[in-house]
Amino acid sequence: LGETEFTTGIKTERIQLAEQLQVKQDELFWDEEGFGYFSTTTADVSLIRRKKEFEDNATPSANGIAAQNLLRLYLFTGNADFKIRAEKLLACIGQGMARFPSAYASAAQALDFYRSNAQQIVLVGPQDSQPTQEFLRWLH
Numbered sequence: 007l008g009e010t011e012f013t014t015g016i017k018t019e020r021i022q023l024a025e026q027l028q029v030k031q032d033e034l035f036w037d038e039e040g041f042g043y044f045s046t047t048t049a050d051v052s053l054i055r056r057k058k059e060f061e062d063n064a065t066p067s068a069n070g071i072a073a074q075n076l077l078r079l080y081l082f083t084g085n086a087d088f089k090i091r092a093e094k095l096l097a098c099i100g101q102g103m104a105r106f107p108s109a110y111a112s113a114a115q116a117l118d119f120y121r122s123n124a125q126q127i128v129l130v131g132p133q134d135s136q137p138t139q140e141f142l143r144w145l146h
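The numbering of the sequence shown is my numbering, which starts it at 7 and goes up by one.
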């Protein structure tokens with residue numbers, strides 16, 4: 007993520023769907039008191055305690071990936087709520103990441119993206135037009 011990230015052809019419908027999915031994830035799994043995402047909903051009343059996982063294992067942690075998604079959604083939509091939630095999540099993960107950085111690769115990627123001060127360039131026009139192609143060559 008330290009390099010220029012280039013995404014083309016993102017459709018408005020996909021961004022809207024990503025926003026809807028994020029809102030649903032927040033509704034079902036977000037811990038408003040301790041921050042971070044639980045791995046289960048409140049629906050299973052037999053659970054004594056709901057667990058939150060921040061470390062990566064064989065797969066990246068849901069919390070690390072969620073932080074990345076929140077930051078990208080903030081960049082694409084300008085909705086500061088996404089950025090605020092990502093900041094809370096990264097702050098929650100920070101202590102563990104400082105002690106065992108290799109166990110938090112997905113969160114470290116999110117933190118790198120957050121600190122990179124990423125900027126977005128919106129280019130509107132046919133992808134195969136000459137001005138678009140010239141700009142893309144200049145950009146890279």
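Backbone N, C-alpha and C define an ideal beta-carbon position, used for all residues, glycine too. Everything numeric in this text was worked out from a predicted model, so none of it was measured.
Considering only DSSP beta bridges, list what residue 43 is partnered with.
The secondary-structure analysis by DSSP pairs residue 43 across a beta bridge with 36.
Is the number of C-beta pairs between the region 63-71 and the region 112-121 that are closer than 8 Å three or more?
By the Cβ criterion, the region 63-71 is in contact with the region 112-121, since at least three pairs of Cβ atoms, one from each stretch, lie closer than 8 Å.
Alpha carbons only, please: which of 130, 84, 36, 91 is nearest the one belonging to residue 59?
Minimum Cα distance to residue 59 is reached at 36.
Does residue 65 come out as helix, strand or coil in the three-state DSSP assignment?
DSSP places residue 65 in the coil class of the three-state scheme, outside both helix and strand.
Exposed unless 16 or more other CB atoms sit within 10 angstroms - verdict on residue 18
With fewer than 16 Cβ atoms within 10 Å of its Cβ, residue 18 is classed as exposed.
4-residue-minimum alpha helix (DSSP H) runs that sit fully inside the region 48-108, ordered along the chain:
Runs of the alpha helix (DSSP H) inside the region 48-108: 68-83, 86-105.
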